[in-house]
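K.L.:
Residues 1 to 168 in UniProt numbering are what the sequence shown spells out, letter by letter. Each residue gets a CB set at the ideal place from its N, CA and C atoms; glycine is no exception. Every value quoted in this text rests on a predicted model; they were computed, and no experiment measured them. The structure's right below; bear with me while I get my questions together.
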Amino acid sequence: MNSPERQAQEDEQQAQNEPDPEAEQEAPIGSSPSSPNFDADTKLKEVQKVFVSLESKIDSIDSKAVSLDSKVNRIMDAQTFMNLDFGLYKRAFYKNIDTMVANVTSSQTVLETSLVHQFTEMQISSDLDVVKMQLAKMVKHLKELGDAKRGEGPSKGPSMSIEKIRLL
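Written out as C-alpha cells, the structure is:
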C-alpha cells in the first residue's frame with residue numbers, strides 16, 4: 001500500500017521530525033520545554049501518532065474488505081455449485097418422471113387392450129348364446145312343420161308360418 005502520495009507524506013514527516021539547524025541556532029540556550037517549538041513538536045508527534053493509528057485502522061479495514069471479498073467469492077462459488085448440482089438432480093428427476101409416465105402409459109394401453117379383449121369375448125359369447133337359442137327354436141319349428149305336413153305332429157297349438165320363422 002505504498003502509494004506515491006503516502007511516500008511523499010512519510011518524507012514530509014521525516015523532514016519535520018529532523019531538527020532544523022536554523023531553529024536550534026535561533027532558540028536561546030536557556031529555553032524551557034514550554035517554548036513554542038517544543039509545543040509544536042509535541043503537537044506534531046501527537047498528529048503523527050493519530051496518523052499512524054489511522055493508517056493501521058485503514059490497513060485493518062482493507063484486510064477485512066479483502067477477507068469479505070474472499071468470503072463473498074466462496075459463497076458465490078458454493079451457490080454456483082449448488083445451482084449446477086440442483087440442475088443435475090432436476091434432470092435426473094425429470095428423466096425418472098418421464099420413464100414412470102412411459103411405464104404407466106404402456107401399462108394403461110395393455111390394460112385397455114386386455115379389457116377390450118375380455119369385453120369382446122363376453123359379447124361374442126352372449127351373441128353365440130342368442131344365436132344358439134334362435135337356432136334351437138328354428139330347428140324345433142322346422143320339426144313341427146315337417147311333422148304337421150306328414151300329419152304326425154300335434155295338430156293342436158299354434159303353428160308357425162314360414163314368415164314368422166324368417167322374422168326370428
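(1) Which whole runs of the alpha helix (DSSP H) in the region 67-152 are 4 residues long or more, in chain order?
(2) At least one CB of chain D closer than 9 angstroms to the CB of N103: is that the case?
(3) In whole angstroms, what is the alpha-carbon distance linking G151 and E144?
(4) Using the Cα positions of V66 and L88, report the straight-line distance between them to the nearest angstrom.
(5) Which residues in the same chain have their Cβ closer than 6 angstroms to the Cβ of Y94, if we skip the five residues on either side of it in sequence?
(6) Measuring only the C-alpha atoms, how far is residue 236 from S56?
P.N.:
Walking through what the data contain:
(1) Whole alpha helix (DSSP H) segments, 4+ residues: zero.
(2) Structure shown: chain D not included; a single protein chain is present.
(3) By 1-based counting over the sequence shown, the position of residue 151 is 151. By 1-based counting over the sequence shown, the position of residue 144 is 144. Straight-line Cα distance between these residues: approximately 10 angstroms.
(4) Locating residue 66 in the sequence shown gives position 66, counting from the first residue. Locating residue 88 in the sequence shown gives position 88, counting from the first residue. Near 33 angstroms, if we compare the C-alpha coordinates of L88 and V66.
(5) Stepping through the sequence shown from its first residue, residue 94 is reached at position 94. The beta carbon of Y94 lies closer than 6 angstroms to none in the same chain, with the five residues before and after it left out.
(6) Residue numbering for the chain in the displayed model covers 1 to 168; residue 236 lies beyond these limits and cannot be assessed.
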